[in-house]
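Here's the structure, in C-alpha coordinates; my notes come after.
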Amino acid sequence: MLALAASSAGITAQKQDSDAAKASANLPERIWRDPGPMATLNMVYGSGGKAHAPDPAGTFTFVREDPVASNPKFDVIDARGVEWKVKLGQESQSETAATRFLWAAGYFADEDYYLAEFTVKGLPTLQRGEEFVSPGGIVHGARLERKQTAVEKLGHWDWYDNPFVGQREMNGLRVMMALMNSWDLKDVNNAIYVVGGERRYAISDAGAAFGKTGKAGTRSKGDPSDYAESKFIAEVHPTTVDLVLHSRPFFLSAIAVSNYRERSKMEQITKDIPRADARWLGQRLSKLTDRQIRDAFRAAGYGADDVGILAKAIRKRIAALKAL
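Mapped onto my numbering, the consecutive letters of the sequence shown carry residue numbers 47 to 370.
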(Lines of atoms letter the chains of each structure in order from A and count residues from 1; the text may use other names and numbers.)
(Lines give C-alpha, C1' and ligand atoms only; values in the text may rest on other atoms or scores of the structure.)
Protein backbone atom coordinates (compact mmCIF):
# COMPACT_ATOMS: atom_id res chain seq x y z
CA MET A 1 0.00 0.00 0.00
CA LEU A 2 2.83 2.37 0.83
CA ALA A 3 4.52 1.66 -2.50
CA LEU A 4 1.22 2.21 -4.31
CA ALA A 5 0.67 5.50 -2.48
CA ALA A 6 4.18 6.68 -3.32
CA SER A 7 3.70 5.69 -6.95
CA SER A 8 0.39 7.54 -7.12
CA ALA A 9 1.93 10.62 -5.54
CA GLY A 10 4.77 10.52 -8.07
CA ILE A 11 2.34 10.25 -10.97
CA THR A 12 0.30 13.16 -9.60
CA ALA A 13 3.42 15.32 -9.24
CA GLN A 14 4.53 14.48 -12.80
CA LYS A 15 1.08 15.39 -14.12
CA GLN A 16 1.15 18.70 -12.25
CA ASP A 17 4.59 19.48 -13.71
CA SER A 18 3.32 18.58 -17.18
CA ASP A 19 0.21 20.73 -16.77
CA ALA A 20 2.31 23.67 -15.55
CA ALA A 21 4.67 23.33 -18.52
CA LYS A 22 1.75 23.32 -20.95
CA ALA A 23 0.15 26.34 -19.29
CA SER A 24 3.37 28.36 -19.63
CA ALA A 25 4.34 27.12 -23.09
CA ASN A 26 3.53 30.41 -24.81
CA LEU A 27 5.28 32.66 -22.31
CA PRO A 28 8.42 34.50 -23.42
CA GLU A 29 11.66 32.72 -22.51
CA ARG A 30 14.66 34.47 -21.03
CA ILE A 31 18.12 33.45 -19.89
CA TRP A 32 19.59 36.93 -19.48
CA ARG A 33 18.49 40.44 -18.65
CA ASP A 34 20.41 43.68 -18.25
CA PRO A 35 20.92 44.19 -14.50
CA GLY A 36 21.37 47.93 -15.00
CA PRO A 37 24.43 50.17 -14.66
CA MET A 38 27.18 48.04 -13.15
CA ALA A 39 28.31 50.79 -10.79
CA THR A 40 24.90 50.75 -9.08
CA LEU A 41 24.88 47.03 -8.24
CA ASN A 42 25.08 46.22 -4.55
CA MET A 43 27.25 43.12 -4.42
CA VAL A 44 26.87 42.83 -0.66
CA TYR A 45 23.20 41.86 -0.92
CA GLY A 46 22.97 40.56 -4.49
CA SER A 47 19.77 40.13 -6.46
CA GLY A 48 17.49 40.11 -3.41
CA GLY A 49 18.81 43.38 -2.08
CA LYS A 50 18.96 44.53 1.51
CA ALA A 51 15.18 44.40 1.87
CA HIS A 52 15.12 40.62 1.39
CA ALA A 53 18.13 39.85 3.59
CA PRO A 54 17.61 37.67 6.67
CA ASP A 55 18.06 39.18 10.12
CA PRO A 56 21.00 37.43 11.82
CA ALA A 57 19.51 38.29 15.21
CA GLY A 58 15.99 37.32 14.18
CA THR A 59 13.86 34.36 15.17
CA PHE A 60 14.08 31.31 12.92
CA THR A 61 12.03 28.17 13.49
CA PHE A 62 12.96 24.72 12.19
CA VAL A 63 10.57 23.25 9.60
CA ARG A 64 12.14 20.15 8.06
CA GLU A 65 15.45 18.55 7.10
CA ASP A 66 16.31 17.55 3.54
CA PRO A 67 17.65 13.99 3.83
CA VAL A 68 18.64 13.50 0.18
CA ALA A 69 20.47 16.67 -0.90
CA SER A 70 24.18 16.34 -1.61
CA ASN A 71 24.94 18.86 1.15
CA PRO A 72 23.41 19.22 4.63
CA LYS A 73 20.19 21.21 4.22
CA PHE A 74 17.11 22.09 6.21
CA ASP A 75 14.25 24.58 5.98
CA VAL A 76 13.38 27.32 8.46
CA ILE A 77 10.78 30.07 8.68
CA ASP A 78 11.48 33.52 10.12
CA ALA A 79 9.31 35.85 12.19
CA ARG A 80 8.00 37.54 9.03
CA GLY A 81 6.76 34.24 7.64
CA VAL A 82 9.53 34.02 5.04
CA GLU A 83 10.82 30.50 4.38
CA TRP A 84 14.51 29.84 3.91
CA LYS A 85 16.50 26.85 2.73
CA VAL A 86 19.65 26.53 4.81
CA LYS A 87 22.77 24.91 3.33
CA LEU A 88 25.76 24.00 5.47
CA GLY A 89 29.29 22.99 4.59
CA GLN A 90 31.84 24.00 1.97
CA GLU A 91 29.35 25.35 -0.53
CA SER A 92 27.74 27.90 1.78
CA GLN A 93 30.37 30.53 1.02
CA SER A 94 31.21 29.73 -2.59
CA GLU A 95 27.56 29.63 -3.64
CA THR A 96 26.77 32.96 -1.98
CA ALA A 97 29.60 34.60 -3.91
CA ALA A 98 28.72 32.85 -7.18
CA THR A 99 25.12 34.08 -7.15
CA ARG A 100 26.34 37.66 -6.92
CA PHE A 101 28.56 37.38 -9.97
CA LEU A 102 25.87 35.57 -11.96
CA TRP A 103 23.41 38.34 -11.10
CA ALA A 104 25.90 41.09 -11.97
CA ALA A 105 26.54 39.43 -15.33
CA GLY A 106 22.80 39.39 -16.06
CA TYR A 107 21.90 35.78 -15.27
CA PHE A 108 19.22 34.38 -13.01
CA ALA A 109 20.22 32.83 -9.71
CA ASP A 110 18.77 32.36 -6.25
CA GLU A 111 18.57 35.05 -3.58
CA ASP A 112 21.34 33.75 -1.34
CA TYR A 113 22.76 35.23 1.85
CA TYR A 114 25.52 34.03 4.15
CA LEU A 115 25.19 34.13 7.92
CA ALA A 116 28.21 33.37 10.06
CA GLU A 117 25.89 32.54 12.95
CA PHE A 118 22.18 32.46 13.73
CA THR A 119 19.83 30.64 16.08
CA VAL A 120 17.11 28.17 15.11
CA LYS A 121 14.27 27.34 17.51
CA GLY A 122 13.25 23.71 17.71
CA LEU A 123 16.31 22.46 15.84
CA PRO A 124 16.59 18.69 16.33
CA THR A 125 19.75 16.64 16.02
CA LEU A 126 20.47 16.75 12.30
CA GLN A 127 21.14 13.61 10.28
CA ARG A 128 23.92 15.53 8.52
CA GLY A 129 25.68 18.77 9.37
CA GLU A 130 25.52 18.48 13.14
CA GLU A 131 29.17 19.60 13.28
CA PHE A 132 27.98 23.09 12.24
CA VAL A 133 25.60 23.35 15.21
CA SER A 134 26.42 24.25 18.80
CA PRO A 135 24.19 23.97 21.90
CA GLY A 136 21.09 26.13 21.91
CA GLY A 137 20.39 25.69 18.21
CA ILE A 138 23.19 28.02 17.14
CA VAL A 139 24.07 27.34 13.50
CA HIS A 140 27.44 28.36 12.08
CA GLY A 141 28.50 29.20 8.52
CA ALA A 142 25.22 28.89 6.62
CA ARG A 143 23.88 29.92 3.26
CA LEU A 144 20.24 30.97 3.43
CA GLU A 145 18.27 30.81 0.19
CA ARG A 146 15.07 32.82 0.29
CA LYS A 147 12.08 30.83 -0.94
CA GLN A 148 10.26 32.91 -3.51
CA THR A 149 6.51 33.39 -3.58
CA ALA A 150 4.69 33.63 -6.91
CA VAL A 151 7.42 31.54 -8.52
CA GLU A 152 6.70 28.19 -10.15
CA LYS A 153 9.44 25.70 -10.97
CA LEU A 154 8.84 23.81 -14.22
CA GLY A 155 11.87 21.54 -14.16
CA HIS A 156 15.47 21.51 -15.35
CA TRP A 157 17.17 22.58 -18.57
CA ASP A 158 19.96 21.02 -20.62
CA TRP A 159 23.19 22.81 -21.56
CA TYR A 160 23.04 21.23 -25.02
CA ASP A 161 19.29 21.43 -25.66
CA ASN A 162 17.67 24.75 -24.82
CA PRO A 163 16.20 27.70 -26.76
CA PHE A 164 19.37 29.78 -26.45
CA VAL A 165 22.05 27.48 -27.88
CA GLY A 166 24.43 29.52 -30.04
CA GLN A 167 23.25 32.88 -28.73
CA ARG A 168 25.68 35.36 -27.20
CA GLU A 169 23.99 35.31 -23.80
CA MET A 170 24.08 31.52 -23.62
CA ASN A 171 27.74 31.51 -24.56
CA GLY A 172 28.32 34.13 -21.89
CA LEU A 173 26.85 31.79 -19.29
CA ARG A 174 29.22 29.05 -20.43
CA VAL A 175 32.05 31.51 -19.84
CA MET A 176 30.70 32.35 -16.38
CA MET A 177 30.97 28.73 -15.32
CA ALA A 178 34.65 28.64 -16.26
CA LEU A 179 35.28 32.08 -14.80
CA MET A 180 34.12 30.85 -11.38
CA ASN A 181 35.58 27.32 -11.76
CA SER A 182 32.03 26.01 -11.35
CA TRP A 183 32.61 22.35 -12.16
CA ASP A 184 29.35 20.58 -11.26
CA LEU A 185 27.42 21.38 -14.43
CA LYS A 186 24.72 18.74 -14.11
CA ASP A 187 21.34 19.58 -15.61
CA VAL A 188 19.71 19.17 -12.19
CA ASN A 189 21.60 22.30 -11.12
CA ASN A 190 19.73 24.30 -13.76
CA ALA A 191 16.08 25.28 -13.30
CA ILE A 192 13.25 26.78 -15.35
CA TYR A 193 11.02 29.11 -13.35
CA VAL A 194 7.80 30.87 -14.28
CA VAL A 195 7.92 34.33 -12.76
CA GLY A 196 6.77 37.76 -13.88
CA GLY A 197 4.94 36.37 -16.90
CA GLU A 198 8.00 34.69 -18.41
CA ARG A 199 9.98 31.46 -18.29
CA ARG A 200 13.39 32.11 -16.78
CA TYR A 201 16.31 29.74 -17.28
CA ALA A 202 18.37 29.93 -14.11
CA ILE A 203 21.37 28.41 -12.36
CA SER A 204 19.79 26.89 -9.26
CA ASP A 205 22.93 25.45 -7.64
CA ALA A 206 26.32 27.09 -8.08
CA GLY A 207 27.98 25.85 -4.92
CA ALA A 208 30.82 23.87 -6.51
CA ALA A 209 32.78 27.00 -7.42
CA PHE A 210 35.83 29.10 -6.55
CA GLY A 211 38.13 26.14 -6.06
CA LYS A 212 39.89 23.85 -8.53
CA THR A 213 38.23 21.82 -11.26
CA GLY A 214 39.26 18.21 -11.76
CA LYS A 215 38.31 14.61 -11.21
CA ALA A 216 36.99 13.34 -7.88
CA GLY A 217 39.65 13.59 -5.21
CA THR A 218 41.48 16.50 -6.83
CA ARG A 219 38.79 19.13 -7.38
CA SER A 220 37.75 21.57 -4.67
CA LYS A 221 35.24 24.31 -3.93
CA GLY A 222 35.49 27.44 -1.85
CA ASP A 223 39.29 27.22 -1.78
CA PRO A 224 40.80 30.64 -2.65
CA SER A 225 44.35 29.37 -3.20
CA ASP A 226 43.21 26.54 -5.46
CA TYR A 227 41.14 29.01 -7.45
CA ALA A 228 43.95 31.53 -7.82
CA GLU A 229 46.50 28.92 -8.87
CA SER A 230 44.35 27.12 -11.45
CA LYS A 231 44.54 27.68 -15.19
CA PHE A 232 41.69 29.57 -16.88
CA ILE A 233 42.26 29.67 -20.64
CA ALA A 234 43.21 26.37 -22.28
CA GLU A 235 43.66 27.49 -25.89
CA VAL A 236 42.82 30.46 -28.07
CA HIS A 237 41.82 29.84 -31.69
CA PRO A 238 41.27 32.43 -34.45
CA THR A 239 37.55 32.80 -33.69
CA THR A 240 36.94 30.68 -30.59
CA VAL A 241 38.40 30.00 -27.17
CA ASP A 242 38.60 26.88 -25.00
CA LEU A 243 38.31 27.51 -21.28
CA VAL A 244 39.47 25.08 -18.61
CA LEU A 245 36.96 22.84 -16.88
CA HIS A 246 38.23 19.45 -15.75
CA SER A 247 35.49 17.09 -14.64
CA ARG A 248 35.98 13.73 -16.37
CA PRO A 249 36.95 10.86 -14.04
CA PHE A 250 40.16 8.85 -14.37
CA PHE A 251 39.73 6.53 -17.37
CA LEU A 252 39.70 3.38 -15.23
CA SER A 253 36.50 4.62 -13.61
CA ALA A 254 34.81 4.58 -17.01
CA ILE A 255 33.21 1.38 -15.79
CA ALA A 256 30.61 3.75 -14.28
CA VAL A 257 29.55 4.61 -17.82
CA SER A 258 26.77 7.10 -17.11
CA ASN A 259 28.90 9.20 -14.75
CA TYR A 260 31.88 9.10 -17.13
CA ARG A 261 29.74 10.27 -20.04
CA GLU A 262 28.05 12.99 -18.01
CA ARG A 263 31.34 14.38 -16.72
CA SER A 264 32.93 14.19 -20.16
CA LYS A 265 30.05 16.24 -21.61
CA MET A 266 30.52 18.84 -18.88
CA GLU A 267 34.09 19.48 -19.99
CA GLN A 268 32.83 20.41 -23.46
CA ILE A 269 30.50 23.11 -22.15
CA THR A 270 33.41 25.54 -21.81
CA LYS A 271 35.05 24.64 -25.12
CA ASP A 272 34.68 26.22 -28.59
CA ILE A 273 33.16 29.49 -27.34
CA PRO A 274 33.14 32.41 -29.79
CA ARG A 275 35.84 34.84 -28.72
CA ALA A 276 33.52 37.77 -29.38
CA ASP A 277 30.98 36.40 -26.89
CA ALA A 278 33.62 35.72 -24.24
CA ARG A 279 35.00 39.23 -24.78
CA TRP A 280 31.47 40.68 -24.45
CA LEU A 281 31.13 39.14 -21.01
CA GLY A 282 34.59 40.29 -19.98
CA GLN A 283 33.80 43.84 -21.05
CA ARG A 284 30.63 43.85 -18.97
CA LEU A 285 32.25 42.43 -15.84
CA SER A 286 35.25 44.75 -16.18
CA LYS A 287 32.91 47.59 -15.20
CA LEU A 288 32.64 46.20 -11.68
CA THR A 289 34.81 48.17 -9.29
CA ASP A 290 37.40 46.52 -7.08
CA ARG A 291 35.17 47.32 -4.12
CA GLN A 292 32.17 45.58 -5.69
CA ILE A 293 34.21 42.47 -6.40
CA ARG A 294 35.57 42.40 -2.88
CA ASP A 295 32.07 43.00 -1.49
CA ALA A 296 30.81 39.85 -3.20
CA PHE A 297 33.39 37.74 -1.38
CA ARG A 298 33.03 39.61 1.91
CA ALA A 299 29.28 38.98 1.76
CA ALA A 300 30.08 35.27 1.50
CA GLY A 301 31.97 35.32 4.79
CA TYR A 302 35.53 35.10 3.48
CA GLY A 303 38.25 36.68 5.63
CA ALA A 304 40.34 39.62 4.48
CA ASP A 305 43.24 37.55 3.14
CA ASP A 306 40.97 35.22 1.18
CA VAL A 307 38.97 38.14 -0.18
CA GLY A 308 42.19 39.61 -1.52
CA ILE A 309 43.23 36.34 -3.17
CA LEU A 310 39.83 35.74 -4.77
CA ALA A 311 39.35 39.33 -5.93
CA LYS A 312 42.77 39.49 -7.56
CA ALA A 313 42.25 36.14 -9.29
CA ILE A 314 38.83 36.89 -10.74
CA ARG A 315 39.92 40.37 -11.84
CA LYS A 316 42.82 38.77 -13.72
CA ARG A 317 40.43 36.36 -15.43
CA ILE A 318 38.04 39.15 -16.40
CA ALA A 319 40.94 41.08 -17.95
CA ALA A 320 41.93 37.98 -19.94
CA LEU A 321 38.41 37.72 -21.35
CA LYS A 322 38.34 41.38 -22.24
CA ALA A 323 41.62 40.99 -24.14
CA LEU A 324 40.37 38.15 -26.38
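We treat Cβ as the ideally placed atom computed from N, Cα and C, and that holds for glycine.
- Your pair P118 and L134 checks out as a contact, with CB atoms roughly 4 Å apart and the cut at 8 Å.
- Assignment of beta-bridge partners to D158 by DSSP yields E191.
- The C-alpha of L200 is placed about 23 Å away from the C-alpha of G218.
- For L73, the secondary structure class from DSSP, reduced to helix, strand or coil, is coil.
- In this structure, the alpha-carbon of W229 lies about 19 Å from that of F343.
- In this structure, DSSP gives A262 a state outside helix and strand, which the three-state scheme calls coil.
- Contact holds between the stretch 147–161 and the stretch 79–96, because three or more Cβ pairs, one in each stretch, are under 8 Å apart.
- Linking E177 to L331 through their CA atoms gives a straight-line distance of about 37 Å.
- Cβ-Cβ distances below 8 Å link A357 to D336, I339, R340, F343 in the same chain, with the five nearest sequence neighbours on each side left out; the list follows chain order.
- In this structure the stretch 348–356 touches the stretch 262–273; the number of beta carbon pairs closer than 8 Å is three or more.
- With fewer than 16 other CB atoms across the displayed protein chains lying within 10 angstroms of its CB, D204 is exposed.
- Contact check between the stretch 121–133 and the stretch 255–267: fewer than three CB pairs, one atom from each, fall below 8 Å, which does not count as touching.
- Each residue's CA atom was taken as its position, placing A115 and V221 some 27 Å apart.
- The shortest CA-to-CA distance from L370 to any of M312, T285, I360 is the one to T285.
- In this structure K167 is in contact with G183, their Cβ atoms being roughly 6 Å apart against a cut-off of 8 Å.
- Taking one beta carbon from each stretch, the stretch 316–329 and the stretch 358–368 have 3 or more pairs nearer than 8 Å; the two touch.
- By the beta-carbon neighbour count (other beta carbons within 10 angstroms, threshold 16), T86 is exposed.
- Membership of R363 in the alpha helix (DSSP H) is indicated by the continuous run 350–368.
- Around the beta carbon of Q173, a 10 Å sphere encloses fewer than 16 other beta carbons of the protein chains shown; the residue is thus reported as exposed.
- Residue burial annotation: V234 is exposed, with fewer than 16 other C-beta atoms found within 10 angstroms of its C-beta.
- In the DSSP assignment, D251 falls outside any alpha helix (DSSP H), carrying neither H nor E.
- In the three-state reduction of the DSSP assignment, W229 falls in the coil class.
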